[in-house]
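Heads up: the sequence shown begins at 1 in this note's numbering, then just goes up one per residue.
What follows is a short report on a single structure.
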Amino acid sequence: MTQEEKIEKLRKYVVRMGSLTRKCKEADLWDSMAEGKGGSVLRAGARSGGPDTIKETAIQIRRECEALAAEVAELRRELAQALDRMQDDQKRELLEKKYIEGKSNAQLSAEYGRCERTIRRQITGAIRELDRQSGFFCE
Numbered sequence: 001m002t003q004e005e006k007i008e009k010l011r012k013y014v015v016r017m018g019s020l021t022r023k024c025k026e027a028d029l030w031d032s033m034a035e036g037k038g039g040s041v042l043r044a045g046a047r048s049g050g051p052d053t054i055k056e057t058a059i060q061i062r063r064e065c066e067a068l069a070a071e072v073a074e075l076r077r078e079l080a081q082a083l084d085r086m087q088d089d090q091k092r093e094l095l096e097k098k099y100i101e102g103k104s105n106a107q108l109s110a111e112y113g114r115c116e117r118t119i120r121r122q123i124t125g126a127i128r129e130l131d132r133q134s135g136f137f138c139e
């Protein structure tokens, strides 16, 4: 697996988590549209083509959220398990902040008081250690 492929695999969790966040916001929007004035849910068939379609769409999007949440939880579990195998706490923390919390190199640079180039080098070293100490990239 190339370095780029390793980075892509590490990023998968944070990318899917972003997708889940957006999907849940969309579901909330559809849920709010499915409610009538005063918060009462519109009855099925109350108006032709209106409430039924909106409510059905809201339900479908919630189902999609649940499926995506299960996928994200599994990705998080796999990544956390691999990171737990790392012996160097600083390298593990750096990877957690980057690939679980989703922080950018600029944010990490500011947080650690180091230039972005140094952060990139440290991330590369941490990925190498993760590769040596876990089977995370063996797929």
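Cβ atoms here follow ideal geometry from the backbone N, Cα and C, with glycine treated the same way.
Every value quoted in this text rests on a predicted model; they were computed, and no experiment measured them.
Let me know the alpha helix (DSSP H) ranges lying completely inside the segment 73 to 113, each 4 residues or longer, listed in chain order.
-> With a minimum length of 4 residues, the continuous alpha helix (DSSP H) runs that stay inside the segment 73 to 113 are 89 to 99, 105 to 112.
Beta carbon of TRP30 nearer than 7 Å to that of ALA67 | Your numbering for residue 30 matches position 30 in the sequence shown. Your numbering for residue 67 matches position 67 in the sequence shown. In this structure, ALA67 does not lie closer than 7 Å to TRP30 by Cβ.
Where ILE150 and ALA73 are concerned, what is the direct C-alpha to C-alpha distance, given to the nearest angstrom?
-> Coverage of the chain is limited to positions 1 through 139, which leaves residue 150 absent and any answer about it impossible.
Does the beta-carbon of SER40 have 16 or more other beta-carbons within 10 angstroms, so that it is buried, or is it exposed?
-> Stepping through the sequence shown from its first residue, residue 40 is reached at position 40. Its pLDDT being 46, under 50, SER40 is placed unreliably by the model, and nothing is read from it.
Counting Cβ pairs, one atom from each stretch, are 3 or more of them under 8 Å apart for the segment 128 to 136 and the segment 73 to 82?
-> A contact between stretches requires three or more CB pairs, one per stretch, nearer than 8 Å, and the segment 128 to 136 meets this requirement with the segment 73 to 82.
Spatial neighbours of GLU64 in its chain, beta-carbon cut-off 7 Å, leaving aside the 5 residues before and after | To locate residue 64, count along the sequence shown from 1; it is residue 64. So the list reads LYS23, once near-sequence residues are dropped.
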